[in-house]
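Novice: Dropping the structure in here first, questions after.
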Amino acid sequence: MEKISEDVLLRAISHCFKCKLCAIADFHGMGEEWLAICPSGSYYGFNSFYSPGRFEVLREVLNGEIDCGTEMLVKVAFACQLCGACYERCKEVSKVELDNAELFEELRSILAERGWLLDAHVRIREDVERTGNAYGEDERVEYPSSGDEVIYFVGCTARYREREISDAMVRVLDASGARYTVLGDEWCCGSPLLRTGQRDAASRLIEHNAGEISKIGAEKMVFTCPGCLKTFKESYPDLGVELLHASEYINDLVSEGRLQPGKLEITLPYHDPCHLGRHLGIYDAPRETLELIGVRVMELSRNRGNAWCCGSGGGVKSGFPEFATWTADERVKEIRATGSDVVASACPFCKRNLKDSGVRVFDLAELVSQALLRSDRG
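Reminder that position 177 of the sequence shown reads as 345 in this note's numbering, one-by-one numbering, no gaps.
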């Protein structure tokens, strides 16, 4: 979470030679032609909303040519899910040193330091500071704990908006016999504040959670939220704990014989979450989880590194709800093209935004919980 120097930033963006390969999916690898990959550029239509244009905005902010926080400047900086699709293409042809999303987070941090923020993002910070969660919920959703083998970090969205996911994960943990802890005083991981440039406020959350975790002495932490997992891996100090996504942990439980789910024997499309896939490189584990419980995966046209974002990340759902909805609608078209109105995924944010666009979304934890019920029934 350390501030990147201006020299490093300028050197990084100098590698962009405006080829705009970042606008399209890898049609050579997919056998498709000209599928868009950048939600922001596709929606707004101006170069400023693609990576090359944002790089120029960052350059001129650093050079002092932009010194006024206009409404359009703030929109250009913040109307982006930070999905990382542009970087997947950029790194194929350039010597770019930093992930594009990292560079755009630096731009947001600079603007935040100058007070150039969206009101919606300021309200999230205020809610987190008041309640410890990004939704400003005063009533805490509690879970029992049974030991210190593993910590389940629930996260704000699974705890307060998509409770089916956290309930399912707790059932999975119970079924495995794992001795687990759910933090009694878990605060927001800090991701919503980091993605919107509000680093000082995020650092206080990180310090608190790190202190709570150090009291437990667990060997592992499991996450159903890839955004939380990414934040712990990239922005937290080394806590001496193995950090795992739920799919990785569930696969381990099955291989160790501690979890014996039944087979659902269904076919579903799978949506790759950006934080889990492009940012953390976890593509195979969730597909392996689905295979273990008898779910045959139908790959969407844009999948793995070419996956189209669900639309909610980077503060977009709170700051630009119409853009978030449009992005989800585009993904839903792709889901329905498979003949299905149901999709599997592995992220609470993805579930929330995609279901708002009219499809049923099941998280991996929910599907594994269903498979365990089938196993119990014989």
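Idealized CB from N, CA, C, for every residue including glycine.
Are the region 532 to 543 and the region 330 to 350 touching, with three or more C-beta to C-beta distances below 8 Å?
Specialist: yes
Novice: Can you tell me which of the three DSSP states residue 262 falls into?
Specialist: coil
Novice: So residue 550 is in the alpha helix (DSSP H); what residue range does that whole segment cover?
Specialist: Residue 550 lies beyond the residue range present for the chain, which begins at 169 and ends at 546; the question has no answer from this structure.
Novice: Is the number of C-beta pairs between the region 443 to 452 and the region 249 to 262 that are closer than 8 Å three or more?
Specialist: yes
Novice: Assess, as a yes-or-no matter, whether the region 514 to 526 is touched by the region 393 to 404 under the definition of 3 or more beta carbon pairs within less than 8 Å.
Specialist: yes
Novice: Starting from residue 436, trace the beta strand (DSSP E) both ways and give me its first and last residue.
Specialist: 434 to 438
Novice: I'd like the ranges of any alpha helix (DSSP H) spanning at least 4 consecutive residues and lying wholly in the region 445 to 474.
Specialist: 452 to 460
Novice: Do residue 305 and residue 351 come within 7 Å of each other at the CB atom, strictly closer than that value?
Specialist: no
Novice: With a cut-off of 8 Å, do at least 3 Cβ pairs link the region 474 to 483 to the region 426 to 443?
Specialist: Yes, the region 474 to 483 is in contact with the region 426 to 443.
Novice: Short check: CB of residue 184 to CB of residue 254, under 7 Å?
Specialist: Taking 7 Å as the Cβ cut-off, residue 184 and residue 254 do not qualify as a contacting pair.
Novice: In this structure, how does DSSP classify residue 378 when only helix, strand and coil are distinguished?
Specialist: helix
Novice: So the alpha helix (DSSP H) residue 183 belongs to, where does it begin and stop?
Specialist: Counting along the chain, residue 183 falls outside any alpha helix (DSSP H), and DSSP gives it neither H nor E.
Novice: Quick one, are the C-beta atoms of residue 211 and residue 191 less than 7 Å apart?
Specialist: no
Novice: Does the count of Cβ pairs from the region 484 to 503 and the region 412 to 432 closer than 8 Å reach three?
Specialist: no
Novice: Could you please give the first and the last residue of the uninterrupted alpha helix (DSSP H) stretch that includes residue 319?
Specialist: No alpha helix (DSSP H) contains residue 319, which is instead part of the beta strand (DSSP E) from 318 to 321.
Novice: DSSP puts residue 530 in a beta bridge; with which residues?
Specialist: 512
Novice: I need the boundaries of the beta strand (DSSP E) containing residue 398, first residue and last residue.
Specialist: Element bounds for residue 398: not the beta strand (DSSP E) but the alpha helix (DSSP H), 394 to 403.
Novice: Quick one: is residue 138 buried, meaning 16 or more other Cβ sit within 10 Å of its Cβ, or exposed?
Specialist: Nothing about residue 138 can be reported from this structure: the residues present for the chain run from 169 to 546 only.
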